[in-house]
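Chains as they are written, first to last, in this note's numbering: chain F, 1310 to 1450; chain R, 1310 to 1450.
Have a look at the structure below before the remarks.
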């Protein structure tokens, strides 16, 4: 996998309060608010705030079984085929797959794997996200 | 605070195994290994692996009181004075300070605060880390 991080998503208990903290206290400017999720573009990577239960669901995990506050790291690739090829490689290395690559309701394609510590990594193709040649995320156009 | 993320540090139970995962499975190249911590430069931000207990200690927290796997986000500023001024601002906004700004044994200066969800943010000045004009981390020189 390219040595890149596209998203850091924090599972939150109170989305509005968390949004207000980043906006009012830190002075950050959110991207166009999508319903139920808040994104901040930080020079080529995005910090996301997403309700914990929905993040766990997105990962294909049972939130009630999470003994910790969920968060995820993500690397965005450039096509569905790249995502599939990467998961084939992970499987050949016996990596724990949390969620098989699949279409997602928002129009993208993704899967999740766990690193050796159980941290969740999303590997995604999102046709709506633009990247520069080095893989840094750009604002939606 | 500038809308930037400099470091994502994952608290790990088994540092060697976690290092091997990122190197052998994902094919990432670590920065010069420092003792007891592993860093991967990801295009301007760094993913760090650090034993959970030591990460909690670095945050000024009691690991036994952590009900979750610790991790931290960090924003590196350009001087100790910038760090101090930022913490003054946080205090005026009644933000929970986890660790007051202070010198650190590795030669830098840092403090920690918690966002509204309790996520730990380190704000640091590290004289050994080079940044470009936009705040992206560069390789050690």
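For each residue, glycine too, the CB sits at the ideal point set by N, CA and C.
*Indicate whether at least one CB of chain R lies closer than 7 Å to the CB of residue 1341 of chain F.*
no
*Okay, do the region 1364–1373 of chain F and the region 1321–1333 of chain R touch, 3+ Cβ pairs below 8 Å being the bar?*
no
*Around the Cβ of residue 1396 of chain F, are there at least 16 other Cβ atoms within 10 angstroms (buried) or fewer (exposed)?*
buried
*Among R:1439, R:1380 and R:1415, which one has its Cα closest to the Cα of residue 1421 of chain R?*
R:1380
*With DSSP as the reference, label residue 1398 of chain R as helix, strand or coil.*
helix
*Check whether the Cβ of residue 1425 of chain R lies closer than 7 Å to any Cβ atom in chain F.*
yes
*How would you call residue 1432 of chain F, buried or exposed, if buried means at least 16 neighbouring beta carbons within 10 angstroms?*
buried
*Return the CA-CA distance between residue 1407 of chain R and residue 1338 of chain F, expressed in angstroms with no decimal places.*
24 Å
_By alpha-carbon positions, which one of R:1418, R:1438, R:1344 and R:1319 ends up nearest to residue 1392 of chain R?_
R:1418
*Using a Cβ cut-off of 8 Å, which residues of the region 1398–1414 of chain F contact any Cβ in chain R, in chain order?*
1399, 1402 and 1404
*Does the separation of the CB atoms of residue 1316 of chain R and residue 1394 of chain R fall below 7 Å?*
no
_Delimiting residues of the beta strand (DSSP E) encompassing residue 1356 of chain F_ = 1354–1360
*Closest Cα partner of residue 1369 of chain R within the set R:1442, R:1360, R:1314 and R:1409*: R:1409
*In the region 1399–1433 of chain R, which residue ranges form an unbroken beta strand (DSSP E) of at least 3 residues, counting only runs that do not cross its ends?*
1406–1412 and 1418–1423
*For residue 1430 of chain F, does the count of other Cβ atoms within 10 angstroms reach 16, so buried, or fall short, so exposed?*
buried
*According to the Cβ coordinates, are residue 1313 of chain R and residue 1312 of chain F closer than 7 Å?*
no
*So, does the CB of residue 1328 of chain F fall closer than 7 Å to a CB anywhere in chain R?*
no
*Would you say residue 1334 of chain R reaches chain F, if we count a Cβ-Cβ gap shorter than 7 Å as a contact?*
yes
*Distance between residue 1310 of chain R and residue 1401 of chain R (C-alpha atoms, nearest Å)*: 14 Å
*Any beta-carbon of chain F closer than 7 Å to the one on residue 1450 of chain R?*
The pLDDT assigned to residue 1450 of chain R is 44, lower than 50, so where the model puts this residue is not dependable; a value taken from the coordinates is nonetheless given after this. Not one chain F Cβ lies under 7 Å of residue 1450 of chain R.
*List, in order along the chain, the chain F residues whose C-beta lies closer than 7 Å to that of residue 1321 of chain R?*
1426
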